[in-house]
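Single-structure report; data block below.
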Amino acid sequence: MRLLILGGTTEASILVRRIAGRRDINAVLSFAGRTRSPTPPPIPFRIGGFGGVAGLTTYLIERKTDAVIDATHPFAVQMSRNAAAACHDLGLPLAVLTRPPWRRTQDDRWTSVADMAAAVRALGGQPRTVFLTVGSLGLAAFADAPQHRYIVRTIDPPDAIGILLSHCLIVARGPFSLENEITLMRDARVEVLVTKNSGGTATEAKLAAARALGIDVIIIERPAPEPVPAFEAVEDILTWIDAHRPTP
Ligand SMILES: NC(=O)c1ccc[n+]([C@@H]2O[C@H](COP(=O)([O-])OP(=O)(O)OC[C@H]3O[C@@H](n4cnc5c(N)ncnc54)[C@H](OP(=O)(O)O)[C@@H]3O)[C@@H](O)[C@H]2O)c1
374 MRLLILGGTT
384 EASILVRRIA
394 GRRDINAVLS
404 FAGRTRSPTP
414 PPIPFRIGGF
424 GGVAGLTTYL
434 IERKTDAVID
444 ATHPFAVQMS
454 RNAAAACHDL
464 GLPLAVLTRP
474 PWRRTQDDRW
484 TSVADMAAAV
494 RALGGQPRTV
504 FLTVGSLGLA
514 AFADAPQHRY
524 IVRTIDPPDA
534 IGILLSHCLI
544 VARGPFSLEN
554 EITLMRDARV
564 EVLVTKNSGG
574 TATEAKLAAA
584 RALGIDVIII
594 ERPAPEPVPA
604 FEAVEDILTW
614 IDAHRPTP
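Quick note, the sequence shown lines up with residues 374 to 621 if you use this note's numbering.
Right, here's the structure in full:
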């Protein structure tokens with residue numbers, strides 16, 4: 374069975390490790406190429422965009438792909454949309470492997486917003502110290518609120534960091550411990566945390582730290598998912614893959 378796995382997430386890496394030893398699955402893992410030095414996976418992989426729906430469609434045909442797993446990040450909207458369109462056009466089975474969103478507890482001080490622009494507005498007019506963990510591409514929106522001091526944490530150094538007048542950059546890759554997050558937020562005198570509702574355990578401790586310190590959180594909720602079967606457990610996606618094996 375020839376499979377394309379759209380990756381760039383922990384979930385994709387876990388799935389790939391599970392199918393690496395299977396002779397009956399010939400899978401390719403696809404990265405967008407955003408991370409400067411991704412860890413090489415134990416299966417064949419490719420790096421870079423396909424060239425929109427048309428490029429992806431051509432790739433799927435040329436590689437005689439039987440099914441596609443969209444294991445991209447919940448905020449990778451464009452890739453998911455392209456996968457849904459190409460698979461629909463070709464009549465190919467497509468399933469999503471995703472992680473559950475973070476859920477608010479009664480001790481949280483969350484403000485939920487729909488997008489980055491709304492997060493900027495929710496910060497308000499008064500200057501605050503903001504812990505910004507929205508990824509490199511999300512930073513640009515915060516140039517509209519130069520009154521705040523930004524503690525920015527990204528995996529790779531962002532090209533656009535200079536657009537934030539007052540900032541301190543932390544380049545680090547999770548997982549982060551609760552102790553680390555509490556120390557960071559307390560020492561930097563963080564007043565508000567801004568994050569996407571990515572879910573997962575690697576970066577979850579910042580929410581627990583904000584809860585412990587009584588810090589406000591502005592949380593950007595997930596965009597609506599594509600209407601395709603979605604699974605949170607790797608076991609379930611493996612069952613789905615087996616059920617969509619082409620008949621010989
Ligand atoms: N967005 C996040 O917060 C976030 C966080 C962690 C990891 N990631 C990962 O980083 C990658 C890029 O995220 P994004 O939000 O920039 O995506 P996006 O906005 O949905 O995608 C933009 C374009 O990047 C290319 N692309 C995205 N994912 C790809 C993949 N796995 N393989 C090949 N091409 C891909 C596609 O280009 P073409 O149209 O040319 O095919 C797509 O149209 C994704 O793989 C995602 O899983 C994203």
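We put the beta carbon where it would ideally sit given N, CA and C, even for glycine.
Since the structure is predicted, the reported quantities are computational estimates derived from the model, not experimental observations.
Query: Less than 7 Å between C-beta atoms, sequence neighbours within five positions excluded: which residues of the same chain meet that for Arg-391?; Result: Val-607, Leu-611
Query: Of all the options Leu-496, Glu-552, Leu-463, Asp-609, which has the alpha carbon lying nearest to the alpha carbon of Ala-581?; Result: Glu-552
Query: If you draw a straight line from the C-alpha of Pro-500 to the C-alpha of Ser-539, how long is it?; Result: 11 Å
Query: Kindly give me the distance between the Cβ atoms of Arg-472 and Glu-384, rounded to whole angstroms, as I take these residues to be in contact under 8 Å.; Result: 6 Å
Query: Of all the options Pro-530, Val-503, Leu-510, which has the alpha carbon lying nearest to the alpha carbon of Ala-518?; Result: Val-503
Query: Kindly indicate which three-state DSSP category Lys-579 falls into: helix, strand or coil?; Result: helix
Query: CB-CB under 8 Å to Pro-417, same chain, minus the five flanking residues each way: which ones, in chain order?; Result: Ala-400, Val-401, Leu-402
Query: Suppose you measure from the CA of Pro-530 to the CA of Ile-398; what does that come to, to the nearest Å?; Result: 37 Å
Query: Please classify Ser-386: does DSSP put it in a helix, a strand, or coil?; Result: helix
Query: For the alpha helix (DSSP H) containing Trp-475, name the first residue and the last one.; Result: Counting along the chain, Trp-475 falls outside any alpha helix (DSSP H), and DSSP gives it neither H nor E.
Query: Less than 7 Å between the CB of Gly-425 and some heavy atom of ligand 1, yes or no?; Result: yes
Query: For Leu-377, which residues in the same chain have their Cβ closer than 6 Å to its Cβ, ignoring the five residues on either side in sequence?; Result: Val-401, Thr-438, Val-441
Query: I'd like to check one pair, Val-507 with Ala-459: are the Cβ atoms closer than 8 Å?; Result: no
Query: Just to confirm, does Ala-405 get its C-beta within under 7 Å of one of the non-hydrogen atoms of ligand 1?; Result: yes
Query: Looking at C-beta atoms only, is the number of pairs between the stretch 475-491 and the stretch 541-561 that lie closer than 8 Å three or more?; Result: no
Query: Looking at the unbroken alpha helix (DSSP H) that takes in Asp-532, where does it start and where does it end?; Result: Premise fails: Asp-532 is in no alpha helix (DSSP H) and is neither H nor E.
Query: Based on Cα-Cα distance, which residue from Gly-573, Leu-566, Ala-516, Ala-514 lies nearest to Trp-475?; Result: Gly-573
Query: Gly-421 and Gly-406: beta carbons closer than 8 Å?; Result: yes
Query: Need the endpoints of the alpha helix (DSSP H) that Leu-551 sits in, please.; Result: 551-560
Query: Mapping DSSP to helix, strand and coil, what is His-540?; Result: strand
Query: Measuring CB to CB, does Arg-562 end up less than 8 Å from Ala-545?; Result: no
Query: To the nearest angstrom, how far is it from the Cα of Thr-568 to the Cα of Pro-621?; Result: 47 Å
Query: Quick one: grab the DSSP three-state call for Val-567.; Result: strand
Query: Kindly list the residues whose CB is nearer than 7 Å to the CB of Arg-419, restricted to its own chain and excluding five residues on each side of it in sequence; keep chain order.; Result: Val-401, Ser-403
Query: Heavy atom of ligand 1 less than 7 Å from the Cβ of Lys-569, yes or no?; Result: yes
Query: Please determine whether the Cβ atom of His-540 lies at a distance below 7 Å from any heavy atom of ligand 3.; Result: Here the bound small molecules are ligand 1; ligand 3 is not part of this structure.
Query: What whole-angstrom Cβ distance do Asp-462 and Arg-584 have, given they're in contact under 8 Å?; Result: Wrong, their Cβ atoms sit about 45 Å apart, outside the cutoff.
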